[in-house]
Amino acid sequence: MDYRFTNEYPASKLDEIVNFILGPRLWIPNTDYPDFLDWADKSYKELHKESKRALIAISSGNIVGVSIYQKHKTYSDALEIKNLTVRPEFRGRYLASFLLRNTEIEGSKEFKSKIILCDAKSVNYAIKFFLLKHRYKIAGREDLYNLGGGKDLIYKKNAPAILTSNLILSC
């Protein structure tokens, strides 16, 4: 397999990115987010304006994974990961872990973030295990969207230390 990861893509690729997140998803049942199509449409516009960013994984010229992230709209020192999607047939290859870690690094660096936030439905045990494995802590539990999809868990993690320290290394 040949993989390439990038957060630099032409605006013409936005249709493909948004269509990808609308396709088969690894962890998120469509019923959990009844307004997902509206969110995808809004995300397309925000990606185009660059208020949201995407990190994409490409294999054989096709998108196989996407992470959507942004500077948190309420907490100025926070990076918010909005969506992490990997094609189901690419499970077990650590693409989600790679996308997550590189989103943490690139997003924290770009937005000068000290913390990273994301959320998922409280009944989504697969993503809960995944995020806890990646050192996220549960910071809260509430129905964030009030759309009948159930309670959400809010996950929090400190930004990578290498990016937040003032250490200067010289050789």
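Using the working numbering, you'd call the opening residue of the sequence shown number 529 and step up by one each time. All C-beta atoms in this analysis are idealised placements derived from N, C-alpha and C, irrespective of residue type, glycine included. In this text, all values refer to a predicted model and were calculated from it rather than measured experimentally.
Local Cβ density within 10 Å of residue i, reported as buried at 16 or more and exposed below that
{"i": "residue 585", "result": "buried"}
{"i": "residue 546", "result": "buried"}
{"i": "residue 590", "result": "exposed"}
{"i": "residue 674", "result": "exposed"}
{"i": "residue 580", "result": "buried"}
{"i": "residue 604", "result": "exposed"}
{"i": "residue 680", "result": "buried"}
{"i": "residue 647", "result": "buried"}
{"i": "residue 654", "result": "exposed"}
Identity of the residues DSSP links to residue i by a beta bridge
{"i": "residue 680", "result": "649, 670"}
{"i": "residue 532", "result": "586"}
{"i": "residue 547", "result": "Answer is none; residue 547 lacks a bridge partner."}
{"i": "residue 665", "result": "684"}
Contact belief for residue i with residue j at Cβ below 8 Å, rounded distance in angstroms
{"i": "residue 663", "j": "residue 650", "result": "Their Cβ separation, rounded to whole angstroms, is 19 Å, which puts residue 663 and residue 650 out of contact at 8 Å."}
{"i": "residue 633", "j": "residue 609", "result": "With 8 Å as the limit, residue 633 and residue 609 do not qualify as a contact, their Cβ atoms being about 12 Å apart."}
{"i": "residue 656", "j": "residue 687", "result": "Contact doesn't hold; Cβ gap of about 21 Å is too wide."}
{"i": "residue 533", "j": "residue 583", "result": "7 Å"}
{"i": "residue 599", "j": "residue 607", "result": "7 Å"}
{"i": "residue 627", "j": "residue 593", "result": "5 Å"}
Residue i beta carbon near the ligand HEM (any heavy atom closer than 7 Å)
{"i": "residue 584", "result": "With respect to the ligand HEM, the structure shown offers nothing to examine, as it has no ligands at all."}
DSSP state of residue i mapped onto helix, strand, coil
{"i": "residue 675", "result": "coil"}
{"i": "residue 689", "result": "helix"}
(request) Only counting runs of 3 or more residues, tell me where the beta strand (DSSP E) segments fall wholly within the stretch 556-617, in order along the chain. (result) You should have 580-587, 590-599, 606-614.
(message) Could you tell me which whole alpha helix (DSSP H) segments of length 4 or greater appear in the stretch 621-657?
(response) Taking only runs of at least 4 residues, the alpha helix (DSSP H) segments lying wholly in the stretch 621-657 are 623-639.
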